[in-house]
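*Asks:* Below you will find the structure I want to go over with you.
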Amino acid sequence: MKLACVLAVLVPAALCLTTPVQAQDDLGRGGVEINAFYGVLNGIGTQEFAEDPVPWSLDNNQYFGGRLGYVFRNGLGLEGFFGYLDSQIQGSPFSRQNATATNWGGDLTYTFNIERNFQFALLAGGGSQNWSLDIPGLESESAFAFNYGAALKVFFTRAFAMRIDWRNYHSADGLKSARAALNPEGAELENRSLNTTEWTIGASLFLGGPKDSDRDGVTDSRDACPNTPRGVDVDASGCAFDYDGDGVAAYLDTCPDTPAGATVDGSGCPADSDSDGVLDGIDQCANTPSGAEVDDRGCPTDRDG
Numbered sequence: 050m051k052l053a054c055v056l057a058v059l060v061p062a063a064l065c066l067t068t069p070v071q072a073q074d075d076l077g078r079g080g081v082e083i084n085a086f087y088g089v090l091n092g093i094g095t096q097e098f099a100e101d102p103v104p105w106s107l108d109n110n111q112y113f114g115g116r117l118g119y120v121f122r123n124g125l126g127l128e129g130f131f132g133y134l135d136s137q138i139q140g141s142p143f144s145r146q147n148a149t150a151t152n153w154g155g156d157l158t159y160t161f162n163i164e165r166n167f168q169f170a171l172l173a174g175g176g177s178q179n180w181s182l183d184i185p186g187l188e189s190e191s192a193f194a195f196n197y198g199a200a201l202k203v204f205f206t207r208a209f210a211m212r213i214d215w216r217n218y219h220s221a222d223g224l225k226s227a228r229a230a231l232n233p234e235g236a237e238l239e240n241r242s243l244n245t246t247e248w249t250i251g252a253s254l255f256l257g258g259p260k261d262s263d264r265d266g267v268t269d270s271r272d273a274c275p276n277t278p279r280g281v282d283v284d285a286s287g288c289a290f291d292y293d294g295d296g297v298a299a300y301l302d303t304c305p306d307t308p309a310g311a312t313v314d315g316s317g318c319p320a321d322s323d324s325d326g327v328l329d330g331i332d333q334c335a336n337t338p339s340g341a342e343v344d345d346r347g348c349p350t351d352r353d354g
């Protein structure tokens with residue numbers, strides 16, 4: 050039920066906030082993603098074990114690890130992850146004893162492009178959680194866990210991004226042996242699944258993918274202006290913006306507000322060859338005598354009819 054509710058919110062939100070899938074590849078950010086992260090893995094036993102004869106949970110969590118993934122041109126991707134948890138037992142006679150865990154597995158992902166520098170991904174998959182608690186006589190235990198979640202990627206360059214992840218892990222048998230060890234012998238314990246929530250932030254490096262020779266964020270295969278200078282803002286076709294439409298790119302335009310129709314020089318500035326106050330290109334009477342009054346077209350007025 051919880052999974053259905055979360056997906057009912059995440060999927061429509063992703064479809065509303067994003068454009069149709071323009072895959073990571075199309076922006077030159079395809080190939081391999083290498084991610085390192087740090088954060089927390091919360092909710093370990095907080096609700097599930099609260100009604101046990103000896104209530105307990107894990108707290109003071111530190112969770113870190115890495116991910117390795119690949120996104121294909123259609124937006125689908127595959128990703129493997131490995132995380133390490135350093136925590137402490139809260140409650141029970143073993144309060145403040147150390148607890149550690151490894152969390153590894155794989156996910157199927159789907160990536161949306163929100164804007165040029167922002168991406169949103171949905172993911173789901175499964176793996177193994179391996180727990181080790183400092184309780185005498187208790188061996189480490191492992192359990193399968195499936196997960197679902199979302200990730201936001203904020204790109205600072207073509208190949209480097211900050212990544213923020215939220216995930217929920219669900220394990221039907223998580224910490225089953227630890228529950229038995231922490232409660233009185235023979236106590237009846239209800240079967241309870243273990244749900245944990247991950248919040249992490251990290252850095253991603255992207256390797257490979259299509260070539261972007263001028264590094265304007267538009268791959269060579271889609272770049273209509275392949276030699277744009279570094280740092281110049283470009284449109285979706287890779288060409289520099291020309292805000293006044295005079296044919297001179299904005300970064301070269303000394304006169305950025307030229308009226309429509311006026312002819313300009315190489316710096317984007319218009320001329321008025323006959324000095325009548327009407328710019329060349331708009332002036333329909335180009336050789337007006339000096340001092341003559343003209344109309345909006347640059348033609349002399351006829352005051353005597």
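To convert, count from 1 in the sequence shown and add 49; that's the numbering used here.
Cβ coordinates follow ideal geometry from the N, Cα and C atoms, glycine included.
Here the structure is a predicted model, which is why all the values come from computation and not from measurement.
Which same chain residues end up closer than 6 Å to Tyr-218 when comparing Cβ atoms and leaving out the 5 residues on each side of it in sequence?
*Replies:* As a working mapping, residue 218 is identified with position 169 in the sequence shown. Ala-194, Asn-196, Thr-245, listed in sequence order.
*Asks:* Roughly how far, in whole angstroms, is the beta-carbon of Gly-126 from the beta-carbon of Gly-154, given that I think they are within contact range, below 8 Å?
*Replies:* Within the sequence shown, numbered from 1, the residue matching residue 126 stands at position 77. Within the sequence shown, numbered from 1, the residue matching residue 154 stands at position 105. Gly-126 to Gly-154, Cβ: 15 Å. No contact.
*Asks:* Over the uninterrupted beta strand (DSSP E) stretch that includes Arg-116, give me the two end residues.
*Replies:* For the purposes of this step, residue 116 is taken as residue 67 along the sequence shown, with counting starting at 1. Run containing Arg-116: 106-120, per the beta strand (DSSP E) assignment.
*Asks:* Which two residues bound the contiguous alpha helix (DSSP H) that contains Lys-225?
*Replies:* Position 176 of the sequence shown, counted from the start, is the residue given in the question as residue 225. First-last of the alpha helix (DSSP H) with Lys-225: 225-231.
*Asks:* Counting only the same chain and skipping the five closest in sequence on each side, list residues whose C-beta sits under 7 Å from that of Glu-188.
*Replies:* If you number the sequence shown from 1, residue 188 lands on position 139. If we look at Glu-188 and ignore the five residues flanking it on each side, it has no Cβ neighbours.
*Asks:* Would you kindly check if the distance between the Cβ of Leu-172 and the Cβ of Ala-210 is under 8 Å?
*Replies:* In the sequence shown, residue 210 corresponds to position 161, counting from 1. In the sequence shown, residue 172 corresponds to position 123, counting from 1. No, they are not a contact pair.
*Asks:* Nearest to Ser-136 by CA position, among Asp-183, Gly-257, Gly-124, is which residue?
*Replies:* The residue you call residue 136 lines up with position 87 of the sequence shown. Here the closest residue by C-alpha is Asp-183.
*Asks:* Using the rule of at least 16 other Cβ atoms within 10 Å of the residue's Cβ for burial, across every protein chain shown, is Phe-294 buried or exposed?
*Replies:* To locate residue 294, count along the sequence shown from 1; it is residue 245. First, the amino acid is wrong: residue 294 is Gly here, not Phe. Burial call: exposed.
*Asks:* With distance defined between alpha-carbon atoms, name the residue in Ala-85, Phe-98, Tyr-87, Gly-88 nearest to Asp-222.
*Replies:* Mapped onto the sequence shown, residue 222 falls at position 173. When only C-alpha atoms are compared, the closest one is Phe-98.
*Asks:* Between the beta-carbon of Gln-139 and the beta-carbon of Asp-108, is there less than 8 Å?
*Replies:* The count along the sequence shown starts at 1 and reaches residue 139 at position 90. The count along the sequence shown starts at 1 and reaches residue 108 at position 59. Yes, these two residues count as a Cβ contact at 8 Å.
*Asks:* With H, G and I counted as helix, E and B as strand and the rest as coil, what does DSSP make of Leu-90?
*Replies:* Residue mapping note: residue 90 aligns to position 41 of the sequence shown, counting from 1. Residue state, collapsed to three classes: strand.
*Asks:* What number of angstroms, rounded off, separates the C-alpha of Ala-148 from the C-alpha of Ser-220?
*Replies:* Here residue 148 corresponds to residue number 99 of the sequence shown, with the count starting at 1. Here residue 220 corresponds to residue number 171 of the sequence shown, with the count starting at 1. Cα to Cα, the separation comes out at about 17 Å.
*Asks:* Closest to Thr-151 by C-alpha separation, out of Gly-132, Val-89, Thr-158, Ser-286, would be which residue?
*Replies:* Working through the sequence shown from its first residue, we reach residue 151 at position 102. Cα-wise, what sits closest to Thr-151 is Gly-132.
*Asks:* Between which two residues does the beta strand (DSSP E) holding Glu-128 run?
*Replies:* By 1-based counting over the sequence shown, the position of residue 128 is 79. Its beta strand (DSSP E) spans residues 125-139.
*Asks:* Considering Val-203, what are the terminal residues of the beta strand (DSSP E) in which it resides?
*Replies:* Start at 1 with the first residue of the sequence shown, and residue 203 comes out as number 154. Residues 190-204.
*Asks:* Look at the alpha carbon of Ser-296 and the alpha carbon of Glu-247, and state the distance between them as a whole number of angstroms.
*Replies:* The residue given as residue 296 occupies position 247 in the sequence shown. The residue given as residue 247 occupies position 198 in the sequence shown. A quick correction: the sequence has Gly, not Ser, at residue 296. Taking the straight line joining both Cα atoms gives about 51 Å.
*Asks:* What residue from Glu-239, Ala-227, Gly-317, Ala-285 has the CA that sits closest to Arg-165's CA?
*Replies:* Position 116 of the sequence shown, counting from 1, holds the residue named residue 165. Closest by alpha carbon: Ala-285.
*Asks:* Report all residues from its chain with a CB closer than 8 Å to the CB of Ala-208; omit the five preceding and five following residues, and keep chain order.
*Replies:* In the sequence shown, the residue the question calls residue 208 occupies position 159. Correct list, in chain order: Arg-78, Leu-254, Phe-255, Leu-256.
*Asks:* Is Arg-145 helix, strand or coil by DSSP?
*Replies:* The count along the sequence shown starts at 1 and reaches residue 145 at position 96. Coil at Arg-145, not helix or strand.
*Asks:* To which residues of the same chain is Trp-357 closer than 7 Å at the C-beta, ignoring the five residues directly before and after it?
*Replies:* Residue 357 is absent from the structure shown; the chain starts at 50 and stops at 354.
*Asks:* In the DSSP output, which residue or residues are listed as bridge partners for Gly-251?
*Replies:* Taking the sequence shown and counting its residues from 1, one reaches residue 251 at position 202. In DSSP, Gly-251 forms a bridge with Phe-86, Arg-212.
*Asks:* Leu-243 by DSSP, collapsed to three states: which one?
*Replies:* Your numbering for residue 243 matches position 194 in the sequence shown. Strand.
*Asks:* Can you give me the Cβ contacts of Cys-334 inside the same chain, cut-off strictly under 6 Å, excluding the 5 residues immediately before and after it?
*Replies:* Taking the sequence shown and counting its residues from 1, one reaches residue 334 at position 285. So the list reads Gly-347, Cys-348, once near-sequence residues are dropped.
*Asks:* Can you look up Val-70 in the DSSP assignment and give me helix, strand or coil?
*Replies:* Against the sequence shown, residue 70 aligns to sequence position 21. Low confidence applies to Val-70: its pLDDT is 37, below 50, so where it sits in the model is not reliable enough to give any reading.
*Asks:* Assuming the contact rule is C-beta atoms closer than 8 Å, Thr-396 and Asp-344 should be a hit. Round their C-beta distance to whole Å, please.
*Replies:* Absent from the model: residue 396. The displayed extent of the chain is 50 to 354, so no value can be given.
*Asks:* CA-CA distance, Ala-273 and Gln-178?
*Replies:* Here residue 273 refers to the residue found at position 224 when the sequence shown is read from its first residue. Here residue 178 refers to the residue found at position 129 when the sequence shown is read from its first residue. Cα-Cα distance, rounded: 49 Å.
*Asks:* Of the residues Asn-110, Gly-92, Gly-114, which one's Cα is nearest the Cα of Ile-250?
*Replies:* By one-based count along the sequence shown, residue 250 stands at place 201. Looking at the Cα atoms, Gly-114 is the closest of the given residues.
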